[in-house]
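The structure appears right after this line, and notes come after that.
Numbering (the UniProt record's numbering), first residue to last: 1 to 183.
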């Protein structure tokens, strides 16, 4: 995954520049710059409007006491779309608009949700394979190689063998005052 991010950060600017040069050759320099400026202004306006709407819906959901899963997803997509719209380029602007526009956001949210769920499931599968089952592993009673509270081996009844055995005497501790108060 880190390699994919590095490649994306290196390749996206190159692809954006090549695309801008090609568009500039077709429609000219000034219209290309005007297109980029118009996309930025329109994107900023949409991000502001949709960001306010997403924040308002999120607050309403929290006030009702409901789980704000869809609302948090929308807020995150609007923020990510805003970042993409700030980056100059045609591809990032189109992606940013897909994240921000209210009629395309549900589709993007669904795709992102499936991708995230699959990544979490794969991470969970890898994590459960890290330790073998048994004491200290995912299926055992302890947390790590020394168990729950430290390096002791529980007896047959599951208790620490260093704990004294025998009857439990219930009572109350009364402390004697060795130094009576001088009044």
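Each residue gets a CB set at the ideal place from its N, CA and C atoms; glycine is no exception.
- With a cutoff of 9 Å on beta-carbon distance, residue 46 and residue 84 are scored as not near each other.
- If you look at residue 15, you'll find it in the alpha helix (DSSP H) that goes 2-27.
- Restricting attention to 55, 50, 2 and 16, the CA atom closest to the CA of residue 36 is found in 16.
- Nearest C-alpha to residue 94 among 9, 39, 3 and 5: 39.
- When Cβ pairs closer than 8 Å are counted between the two stretches, the stretch 59-73 is seen to touch the stretch 108-123, the count reaching three or more.
- Residue 23 places its beta carbon less than 9 Å from that of residue 90.
- Residue burial annotation: residue 9 is exposed, with fewer than 16 other C-beta atoms found within 10 angstroms of its C-beta.
- Counting the other CB atoms within 10 Å of its CB gives residue 43 a total of 16 or more, which places it among the buried residues.
- Setting aside the 5 residues that flank it on each side, residue 12 is surrounded in the same chain by 89, 91 and 92, each with a C-beta closer than 8 Å to its C-beta; the list follows chain order.
- For the pair residue 96 and residue 80, the CB atoms are nearer than the 9 Å cut-off.
- In the assembly as shown, residue 54 is a buried residue. Its beta-carbon has 16 or more other beta-carbons within 10 Å.
- For residue 104, the CB contacts under 8 Å within the same chain, skipping 5 residues up- and downstream, are 97 and 98 in chain order.
- If you ignore the 5 residues before and after residue 82, its C-beta comes within less than 6 Å of the C-beta of 47, all in its own chain and listed in chain order.
- C-alpha of residue 26 to C-alpha of residue 33: approximately 13 Å in a straight line.
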